[in-house]
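What follows is a single structure, written as structure tokens, with notes after it.
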Amino acid sequence: AKRADGHWEVFTHGGRNATGLDAVEWARKVESLGAGEILLTSMDRDGTREGFDLELTRAVSDVVGIPVIASGGVGNLEHLADGILKGGADAVLAASIFHFGEYTVAQAKDLMAARGIEVRR
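Here it is, written out as structure tokens:
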């Protein structure tokens with residue numbers, strides 16, 4: 008999703024193709040169609056290392072009863088905890104902070120557990 012005119016619009020093809028669909032309404036719709044979870048990527052934040060779009064994550068998490076996985080923008084381990092504690096996500100996704108060797112998955116799990124978030128070991 009990308010922010011557009013006071014809402015978030017669904018985009019496809021890595022953020023290249025606009026759909027005209029409101030992301031929050033689309034989340035409700037896909038849940039009603041039987042989706043089991045939503046992988047929610049903020050195209051505005053993806054690759055920025057500024058953290059998840061917590062407002063978008065919270066807006067979607069608040070209107071669906073299925074798990075929401077936050078994606079896009081992680082730059083440090085605190086961002087992972089923020090996605091759950093502030094954004095209301097059920098899970099978080101990160102890639103570059105691990106690919107470039109800045110952090111390990113074990114470090115991420117340790118920090119999240121220290122913040123009271125349940126993690127698999």
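End of the sequence shown sits at 128 in my numbering; the numbers just go up one at a time, nothing left out. Heads up, the beta-carbon is just placed ideally off N, CA and C, and yes, glycines get one too.
*asked:* Starting from R128, trace the beta strand (DSSP E) in both directions and tell me its first and last residue.
replied: Run containing R128: none; DSSP gives neither H nor E here.
*For T111, write down the residues that DSSP places opposite it in a beta bridge.*
For T111, which the question treats as bridged, DSSP gives no partner whatsoever.
*asked:* Using a 10 Å radius around the Cβ and a threshold of 16 neighbouring Cβ atoms, would you call S39 buried or exposed?
replied: exposed
*How is the beta strand (DSSP E) around L5 delimited, first residue to last?*
Examination of residue 5 is not possible in this model, given that the chain is present from 8 through 128 alone.
*Rounded to a whole number of angstroms, what is the C-alpha to C-alpha distance between T64 and H86?*
13 Å
*Alpha-carbon spacing of K93 relative to V31, whole angstroms*: 17 Å
*Using the rule of at least 16 other Cβ atoms within 10 Å of the residue's Cβ for burial, across every protein chain shown, is R52 buried or exposed?*
buried
*asked:* Am I right that A34 and F18 are in contact with their C-beta atoms under 8 Å? What's the rounded C-beta distance?
replied: Actually they are not in contact, since the Cβ atoms of A34 and F18 sit about 14 Å apart, beyond 8 Å.
_Element boundaries [alpha helix (DSSP H), containing E16]_ = Element bounds for E16: not the alpha helix (DSSP H) but the beta strand (DSSP E), 14-19.
*asked:* Mapping the DSSP letters down to three states, classify I124 as helix, strand or coil.
replied: Residue state, collapsed to three classes: coil.
*Given that a residue counts as buried once 16 or more other Cβ atoms are within 10 Å of its Cβ, and exposed if not, what is D12?*
exposed
_According to DSSP, residues forming a beta bridge with R10_ = The beta-bridge partner set that DSSP reports for R10 consists of W15.
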